[in-house]
Amino acid sequence: MLKEIIIKKIKKHGAIPFDEFMEMALYYPELGYYTKPDAKIGRQGDFFTASHLGSVFGFFLARQIEIFYQKLNCPKNFTVTEIGPGMGFLAKDILDNIDSSASIKYNLVEINPAFKKVQRERLKEHEDKIFWYSSIEQLESFSGLIICNEVFDALPVRIFEVNDSGQIMEVYVDIGEQEQLIEIFLPCRTDTLEYLQEFAPWVLKMKKYRSEVNLAMKSLIESLSKKLKKGYILIFDYGYTSEEYYHPDRNKGTLLCYYKHNINENPYINIGHQDMTAHVNFTAVEKLATMAGLKFEGYFSQGSYLISLCDEKIFQKIYQKNLKEHFKRLVLPQGMGESHRVMILSKD
Ligand SMILES: C[S@@+](CC[C@H](N)C(=O)[O-])C[C@H]1O[C@@H](n2cnc3c(N)ncnc32)[C@H](O)[C@@H]1O
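Just so we're aligned, residue 24 is where the sequence shown starts under the numbering used here, counting upward by one.
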């Protein structure tokens, strides 16, 4: 069992930083939440994403792809690459709805063979356009578009705490007297501190403040940039700017766990069976993207972004297929319209 493997590792090497624990819980080969053979997203899983709301999200992204395709002068080898495509709903909805004159190739980067099987079944009709890769590194470089829907929030994060005396500590996972997993606090690693100095220097002066730092997204952004010759990247996720994320009132951070559509704040239960996620700091995404050679194009709430893509054709589809309620959930603030954001990046 995964918990025993983690305990064995701690016994052998000592306490591990929280991000290493989270990496194991989500991605340990065959046993992690996203790598196990029976992993599921959606009604039978633990949470939904925008791609599970009818086909509406796909209507909009198909339109967005047509726009990007034209902006790039309708190239012959326009490639859409979706990272972590889950159950394959978004890919299907995009390919079902895209204007057939936009001849595209669709790459899916999927680390879990079980998800790949579900995607293959769902995307049978489009098999001539689909190509699978088990890591970003395996992709050939291409021009077109990269889509990351709720991928960044699934990256392992570090947790820091500024204690009562104003010391900045990092959370490590250790073993308690009854062999249970416990948190201990060790001095912050240099790159965690550097991140905070850059993106949230004010938290260093606070007391009793806990939150997360996502350093894993640096290498993700760099590998995406390396593979994109020319085109766009769309990052959808729940997140904030640095000011919102590290607001003094948000003093417990954003880390949450999802188990059978219930939320809890305890990452040390249901290990490998519950999702673990933290909000995305879009200020950091923008900075890291620029450093990786990408251009910042815009940052919007999901609601205003989707509304800006609305046209008559999309409204007709929403009405004809009776998907008004799904549309509302995607764009209204009480649904995903405000909590979810989109960042558009590009490369010339
Ligand atoms: C929250 S799920 C979202 C799935 C899907 N995009 C959706 O909207 O339903 C996050 C997915 O991102 C994948 N993921 C995270 N990091 C990845 C990486 N470096 N390469 C490929 N997939 C990754 C995870 O394996 C997981 O399947």
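Quick reminder that beta carbons are idealized off the backbone N, C-alpha and C, glycines included.
Bridge-paired residues (DSSP) for Gly37: The count along the sequence shown starts at 1 and reaches residue 37 at position 14. Answer by DSSP bridge pairing: none, since Gly37 is not bridged.
Below 8 Å between beta carbons: does that hold for Gly65 and Ser166? The residue you call residue 65 lines up with position 42 of the sequence shown. The residue you call residue 166 lines up with position 143 of the sequence shown. Against a cut-off of 8 Å, the Cβ pair of Ser166 and Gly65 comes out as no contact.
At what residues does the alpha helix (DSSP H) containing Gly326 begin and finish? Reading the sequence shown from its first residue, position 303 is the one you call residue 326. 325 to 332 is the span of the alpha helix (DSSP H), which, as asked, contains Gly326.
For Tyr282, which residues in the same chain have their Cβ closer than 6 Å to its Cβ, ignoring the five residues on either side in sequence? In the sequence shown, counting from the first residue as 1, residue 282 sits at position 259. Here the set comprises Asp69, Asn293, Gln297.
Taking 7 Å as the cut-off, is the CB of Ile121 close to at least one heavy atom of ligand 1? Taking the first residue of the sequence shown as position 1, residue 121 is located at position 98. Every heavy atom of ligand 1 is 7 Å or more from the Cβ of Ile121, so no.
Output the distance between the C-alpha atoms of Val365 and Asn186, rounded to the nearest integer angstrom. Locating residue 365 in the sequence shown gives position 342, counting from the first residue. Locating residue 186 in the sequence shown gives position 163, counting from the first residue. So the alpha carbons of these two residues sit roughly 34 Å apart.
Look up Arg66 in the DSSP assignment and say whether it is helix, strand or coil. Position 43 of the sequence shown holds residue 66. The answer is coil: DSSP assigns Arg66 none of H, G, I, E or B.
Check whether the Cβ atoms of Lys370 and Ser248 sit closer than 8 Å, and answer yes or no. Counting from 1 along the sequence shown, the entry for residue 370 is found at position 347. Counting from 1 along the sequence shown, the entry for residue 248 is found at position 225. In contact: Lys370 and Ser248 (Cβ atoms closer than 8 Å).
In angstroms with no decimal places, state the Cα-to-Cα distance between Gly407 and Gly55. Since the first residue of the chain shown is 24 and the last is 371, residue 407 is not available in this structure.
Just to check my reading of the structure: Ala177 and Leu49 have Cβ atoms closer than 8 Å, yes? What is that Cβ distance to the nearest angstrom? Start at 1 with the first residue of the sequence shown, and residue 177 comes out as number 154. Start at 1 with the first residue of the sequence shown, and residue 49 comes out as number 26. Sure, about 7 Å apart at Cβ, within 8 Å.
Tell me, please, which residues DSSP counts as bridged to Val194. Position 171 of the sequence shown holds residue 194. DSSP lists Phe208 as partners of Val194.
Could you give the first and the last residue of the continuous alpha helix (DSSP H) run that contains Ser246? For the purposes of this step, residue 246 is taken as the residue at position 223 of the sequence shown. From DSSP, the alpha helix (DSSP H) with Ser246 extends over 239 to 250.
Extract the residue ranges of the beta strand (DSSP E) inside the segment 91 to 142, only unbroken runs of 3 or more that lie entirely within it. 101 to 106, 127 to 132
Does any heavy atom of ligand 1 sit closer than 7 Å to the C-beta of Leu368? Your numbering for residue 368 matches position 345 in the sequence shown. Outside the cutoff, so no.
Quick check on Ile90: buried or exposed, where buried means 16 or more other Cβ atoms within 10 Å of its Cβ? Residue 90 sits at position 67 when you count from the first residue of the sequence shown. Exposed: under 16 other Cβ atoms inside 10 Å.
Straight-line CA distance for Phe319 to Asn120? Indexing the sequence shown from 1 puts residue 319 at position 296. Indexing the sequence shown from 1 puts residue 120 at position 97. Their backbone Cα atoms lie some 27 Å apart in a straight line.
Quick one: is the Cβ of Val132 within less than 7 Å of any heavy atom of ligand 1? Residue numbering aside, residue 132 sits at position 109 when the sequence shown is read from its first letter. For ligand 1, at least one heavy atom lies less than 7 Å from the Cβ of Val132.
What's the gap between the Cα of Gly107 and the Cα of Leu251? Translated into positions along the sequence shown, residue 107 becomes position 84. Translated into positions along the sequence shown, residue 251 becomes position 228. About 17 Å.
Minimum C-alpha distance to Ile207 - residue among Phe41, Cys333, Phe82, His36: Within the sequence shown, numbered from 1, the residue matching residue 207 stands at position 184. Out of Phe41, Cys333, Phe82, His36, Phe41 has the C-alpha closest to the C-alpha of Ile207.
Tell me Trp155's beta-bridge partners as DSSP assigns them. As a first step, residue 155 is located in the sequence shown; it is residue number 132 there, counting from the start. According to DSSP, Trp155 bridges with Leu131.
Do Tyr261 and Asn304 count as a contact pair if the criterion is CB distance below 8 Å? In the sequence shown, residue 304 corresponds to position 281, counting from 1. In the sequence shown, residue 261 corresponds to position 238, counting from 1. It is not a contact, given that the beta carbons lie outside the stated cut-off.
For His363, which residues does DSSP report across the bridge? As a position in the sequence shown, residue 363 is number 340, starting the count at 1. Its beta-bridge partners are Tyr261.
Quick check on DSSP: helix, strand or coil for Met24? Residue numbering aside, residue 24 sits at position 1 when the sequence shown is read from its first letter. If DSSP states are grouped into helix, strand and coil, Met24 belongs with coil.
What residues are listed by DSSP as bridge partners for Asn285? On the sequence shown, residue 285 is found 262 positions in, with the first residue counted as 1. In the DSSP output, where bridge partners are listed per residue, Asn285 has Tyr282.
Write down every uninterrupted run of the alpha helix (DSSP H) in the segment 293 to 355 whose length is 4 residues or greater and which is fully enclosed by it, in chain order. 305 to 314, 325 to 332, 335 to 343, 347 to 354
Kindly list the residues whose CB is nearer than 6 Å to the CB of Leu162, restricted to its own chain and excluding five residues on each side of it in sequence; keep chain order. Here residue 162 refers to the residue found at position 139 when the sequence shown is read from its first residue. Cβ within range, chain order: Tyr156, Lys250.
Residues bridged to Lys231 [DSSP beta-bridge criterion]: The sequence position of residue 231 within the sequence shown is 208, counting from 1. Looking at the DSSP assignment, Lys231 forms no beta bridge with any residue, so it has no partner.
Below 8 Å on the Cβ atoms is my contact criterion, and I expect Leu84 with Leu113 to pass it. Report the Cβ-Cβ distance as a whole number of Å. Walking along the sequence shown from the start, residue 84 turns up at place 61. Walking along the sequence shown from the start, residue 113 turns up at place 90. Indeed, because the Cβ distance is near 7 Å, the residues count as touching under 8 Å.
Does ligand 1 have even one heavy atom less than 7 Å from the beta-carbon of Leu238? Residue numbering aside, residue 238 sits at position 215 when the sequence shown is read from its first letter. Not under cutoff, so the answer is no.
Report yes or no: do the segment 127 to 135 and the segment 144 to 155 share at least 3 C-beta pairs separated by less than 8 Å? yes
Distance between Glu173 and Ala312 (C-alpha atoms, nearest Å): As a working note, residue 312 is residue 289 in the sequence shown. As a working note, residue 173 is residue 150 in the sequence shown. Cα to Cα, Ala312 sits roughly 17 Å from Glu173.
Closest to Leu227 by C-alpha separation, out of Leu216, Val236, Glu235, would be which residue? Working through the sequence shown from its first residue, we reach residue 227 at position 204. Nearest of Leu216, Val236, Glu235 to Leu227, Cα basis: Leu216.
Got a sec? Which residues, its chain only, sit under 7 Å from Pro98 by beta carbon, not counting five neighbours each side? Stepping through the sequence shown from its first residue, residue 98 is reached at position 75. Ser166.
Could you tell me whether any non-hydrogen atom of ligand 1 is closer than 7 Å to the CB of Glu245? One-based indexing of the sequence shown puts residue 245 at position 222. No; taking the cut-off as 7 Å, the Cβ of Glu245 has no heavy atom of ligand 1 nearer than that.
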